[in-house]
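Inspection log for the structure reproduced underneath, given as structure tokens.
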Amino acid sequence: MQSVAVRLKESIEEYAEALSSSSALQAIAQRGELRPRAFAQYLESLRQLFQESQRSLALAAERSEQLGDAPLAEYFWRKVGEELGHDEWASDDLARLPAAASFEVSPARSIGRLIALQRELIAVHPICFVAYSLWAEYFTVLLGDDWLAALAANGYERGQVSAVAKHVDADRAHAANGFEVMDCLWRGQPDQATVLQGVERAGAIFRAFCDEICSTSNASHESVVQSGVTD
Numbered sequence: 033m034q035s036v037a038v039r040l041k042e043s044i045e046e047y048a049e050a051l052s053s054s055s056a057l058q059a060i061a062q063r064g065e066l067r068p069r070a071f072a073q074y075l076e077s078l079r080q081l082f083q084e085s086q087r088s089l090a091l092a093a094e095r096s097e098q099l100g101d102a103p104l105a106e107y108f109w110r111k112v113g114e115e116l117g118h119d120e121w122a123s124d125d126l127a128r129l130p131a132a133a134s135f136e137v138s139p140a141r142s143i144g145r146l147i148a149l150q151r152e153l154i155a156v157h158p159i160c161f162v163a164y165s166l167w168a169e170y171f172t173v174l175l176g177d178d179w180l181a182a183l184a185a186n187g188y189e190r191g192q193v194s195a196v197a198k199h200v201d202a203d204r205a206h207a208a209n210g211f212e213v214m215d216c217l218w219r220g221q222p223d224q225a226t227v228l229q230g231v232e233r234a235g236a237i238f239r240a241f242c243d244e245i246c247s248t249s250n251a252s253h254e255s256v257v258q259s260g261v262t263d
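Here the working numbering is used: the first residue of the sequence shown is 33, the next is one more, and so on.
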């Protein structure tokens, strides 16, 4: 039987390839058609996700301590330190946008679902949240450079998207040994199918998130066409 880390790695690679080839958001960004309002919603969504993910990591560490799993708790406390302040990157990026683009912008609804899934996975077993964290890091590495290039086509260079660029750079190191760590931390419970199912659900929610940002961009474009005023 393949290790849980090998199966997880293959699952993430398959997901990243499918998302890259079929994402409407990636397509409009590559054409330079990502509207400022949609980009603001994207950044506000990242800000909320990063902020809540820090809380989820602390909850996972506490839950691991309750289970008497010191290595797992140590992993999560270390991740808390690594992720500290990442929401400020997104806040800084938002502050660089025109006020009209970011005014009273709300995160995409799917981000709330992703945060709820984090908490649910921790309740099942914190190791499921290890798999989720590795999913987030590894697919960011796999798709990050292409996404940064697509954002640049819309005028958003690396300095304007630090929330993405800094994560891509940081996650290269995190993902490099993450699968080995996963195998060391997993003790056989819950079973592999349960661990992988959580990642599959995260992928489906993130795809819905991309669709929401795409819809916001299309709606913004329609509004611009009708009003004759750029956003």
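Even for Gly, the Cβ is constructed at its ideal location relative to N, Cα and C.
These numbers were taken from a predicted model, which means no experiment stands behind them.
How long is the line joining the alpha carbons of A202 and E97, rounded to whole angstroms?
-> Here the question's residue 202 lines up with position 170 in the sequence shown. Here the question's residue 97 lines up with position 65 in the sequence shown. When rounded, the distance between both Cα atoms is 27 Å.
Compute the Euclidean distance between the alpha carbons of V38 and A56, then round it to the nearest angstrom. Numbered from its first residue, the sequence shown carries residue 38 at position 6. Numbered from its first residue, the sequence shown carries residue 56 at position 24. Going by the C-alpha atoms only, they are around 29 Å apart.
Using a Cβ-Cβ cutoff of less than 7 Å, which residues in the same chain neighbour A197 once the five nearest sequence positions on both sides are dropped? Walking along the sequence shown from the start, residue 197 turns up at place 165. Excluding positions up to five away in sequence, the list reads L180 and R190.
Inset, instruction - Just tell me which of S77, K41, L40 and S52 has its CA closest to the CA of T248. - result: Sequence index remark: in the sequence shown, residue 248 carries index 216 (1-based). Checked all of S77, K41, L40 and S52; the closest Cα to T248 is S77.
Q: Determine the closest residue to D119 out of G220, A61 and S85, with distance taken between C-alpha atoms.
A: Along the sequence shown, one-based indexing puts residue 119 at 87. Nearest Cα to D119 within the set G220, A61 and S85: S85.
| message | Considering Cα atoms alone, identify which of R69, R110, A92 and E115 is closest to Q83. | response | Walking along the sequence shown from the start, residue 83 turns up at place 51. Among R69, R110, A92 and E115, the Cα nearest to that of Q83 belongs to E115.
Count the other CB atoms, across all protein chains shown, that sit within 10 Å of the CB of L166; report buried if there are 16 or more and exposed otherwise. On the sequence shown, residue 166 is found 134 positions in, with the first residue counted as 1. Within 10 angstroms of the beta-carbon of L166 lie 16 or more other beta-carbons, which makes it buried.
message: Between N250, E152, Q224 and S194, which has its C-alpha nearest L122's C-alpha?
response: In the sequence shown, counting from the first residue as 1, residue 122 sits at position 90. Position check: residue 122 holds Ala in this sequence, whereas Leu was assumed. When only C-alpha atoms are compared, the closest one is S194.
If S43 sits next to L228, beta carbons under 8 Å apart, how far is it from one beta carbon to the other, in whole angstroms? Translated into positions along the sequence shown, residue 43 becomes position 11. Translated into positions along the sequence shown, residue 228 becomes position 196. Indeed they touch by this definition, with Cβ atoms about 6 Å apart.
Per DSSP, what kind of secondary structure is G220 in: helix, strand or coil?
-> Locating residue 220 in the sequence shown gives position 188, where the first residue counts as 1. Residue state, collapsed to three classes: coil.
Q) Is there contact here, the stretch 131 to 144 with the stretch 90 to 104, by at least three beta-carbon pairs under 8 Å? A) Because the criterion of three Cβ pairs below 8 Å is not met, the stretch 131 to 144 and the stretch 90 to 104 do not touch.
Do the stretch 171 to 186 and the stretch 211 to 223 make contact, defined as three or more Cβ pairs closer than 8 Å? Fewer than three pairs of CB atoms, one per stretch, sit closer than 8 Å, so the stretch 171 to 186 makes no contact with the stretch 211 to 223.
- Complete runs of the alpha helix (DSSP H) confined to the stretch 37 to 109 [at least 4 residues]: Secondary structure within the stretch 37 to 109: the alpha helix (DSSP H) runs of 4 or more consecutive residues, fully enclosed, are 56 to 62 and 68 to 98 (chain order).
- Closest Cα partner of K111 within the set D125, A236 and A168: On the sequence shown, position 79 is the one that residue 111 refers to. The option with the nearest alpha carbon to K111 is A168.
Discussion item. Distance check for V173 and E207, CA to CA, integer angstroms please.
Written reply: Here residue 207 corresponds to residue number 175 of the sequence shown, with the count starting at 1. Here residue 173 corresponds to residue number 141 of the sequence shown, with the count starting at 1. Checking the sequence shown, residue 207 turns out to be Ala, not Glu. The alpha-carbon atoms of A207 and V173 are separated by roughly 8 Å.
Buried or exposed: which applies to Q34, given that a residue is buried once 16 or more other Cβ atoms fall within 10 Å of its Cβ? Residue mapping note: residue 34 aligns to position 2 of the sequence shown, counting from 1. By the 10 Å Cβ count, Q34 comes out exposed.
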